[in-house]
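Residue numbers (the UniProt record's numbering): 1 to 208.
Written below as structure tokens is the structure these notes are about.
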């Protein structure tokens with residue numbers, strides 16, 4: 001199925017794959033290299049699948065395995081590293097990699113407070129992004145006060161919100177890109193589906 005690509009003005013930033021073909025097209029190749037990505041959504045929005053696809057994309061696109069999936073929520077799959085929220089900062093600081101997933105920032109905020117989350121982004125994450133690494137952090141809907149959500153989003157280079165709309169007996173899922181380092185923010189929502197293989201960004205669907 002052809003992908004309807006929205007033209008977005010992008011500066012000369014090197015890109016890293018998101019792990020989602022349709023999203024890579026829309027972002028001109030992927031996320032900007034050396035950035036902090038915050039993805040917000042509900043537990044049934046497919047947020048974990050997006051994180052896993054980003055985590056695995058390094059192996060699939062470059063053949064290297066320079067990625068970390070640090071999980072404090074749920075049961076870890078093969079290759080993931082279980083970490084207590086209070087140990088997250090130390091674990092990141094001691095690891096060597098170019099692509100990190102923090103699952104989740106919500107657990108850290110609930111356990112240690114929003115200042116600990118900001119510290120990971122500003123202090124622990126800064127050396128990683130300066131070396132061209134990327135950090136993707138998961139933030140769950142309905143968990144935090146608005147002030148804490150705003151504080152986190154302000155420090156993100158890329159912010160994506162996963163929106164679910166119910167129409168009768170159907171659920172329509174859409175992806176909103178609210179911040180995008182080095183480019184104009186797209187002025188539309190991108191419909192997507194959750195499949196067994198992962199997230200399918202079907203931009204040919206009509207946006208209502």
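Glycine is no exception: its CB is placed at the ideal position from the N, C-alpha and C atoms.
As the structure is a prediction and not an experimental result, all values here were calculated from the model.
For residue i, three-class secondary structure by DSSP
i           : result
residue 80  : coil
residue 155 : coil
residue 188 : coil
residue 71  : strand
residue 39  : strand
residue 15  : strand
Own chain residues within Cβ distance below 8 Å of residue i, not counting five before or after
i           : result
residue 63  : Unreliable placement is indicated for residue 63, whose pLDDT of 49 sits below 50; no coordinate value is reported for it.
residue 209 : Any question about residue 209 goes unanswered here, given that the chain covers just 1 to 208.
residue 172 : 164, 165, 166, 191 and 208
residue 158 : 31, 32, 35, 36, 37, 38, 177, 179, 180 and 181
residue 131 : 34 and 98
residue 118 : 151, 152 and 155
Closest Cα partner of residue i within the set the options
i           : options               : result
residue 48  : 174, 181 and 140      : 140
residue 134 : 93, 197, 28 and 101   : 101
residue 189 : 67, 201 and 196       : 201
residue 95  : 58, 103, 169 and 66   : 66
residue 175 : 162, 184, 168 and 169 : 162
Contact set for residue i: own chain, Cβ-Cβ below 7 Å, skip 5 residues either direction
i           : result
residue 30  : 15, 16, 17, 18 and 24
residue 111 : 85 and 86
residue 43  : 140
Residues near residue i by beta carbon distance below 6 Å, same chain, minus five either side
i           : result
residue 114 : 148 and 151
residue 194 : 46
residue 11  : Residue placement at residue 11 cannot be trusted, given a pLDDT of 49 that sits under 50; the coordinates are not used to answer.
residue 120 : 89
residue 143 : 106
residue 198 : 49 and 53
(request) Count the C-beta pairs between the segment 67-81 and the segment 124-132 that are closer than 8 Å, then say yes if the count reaches three, no if not. (result) Contact between the segment 67-81 and the segment 124-132 is absent, because fewer than three Cβ pairs lie under 8 Å.
(message) Check whether the segment 41-61 and the segment 12-24 are in contact - that is, three or more C-beta pairs closer than 8 Å.
(response) The count of Cβ pairs closer than 8 Å, one atom from the segment 41-61 and one from the segment 12-24, reaches three, so the stretches are in contact.
(request) For the UniProt domain "KaiC-like" (86-201), list the alpha helix (DSSP H) runs that are entirely contained and at least 4 residues long, ordered along the chain. (result) With a minimum length of 4 residues, the continuous alpha helix (DSSP H) runs that stay inside the UniProt domain "KaiC-like" (86-201) are 88-94, 105-112, 114-119, 125-130 and 146-154.
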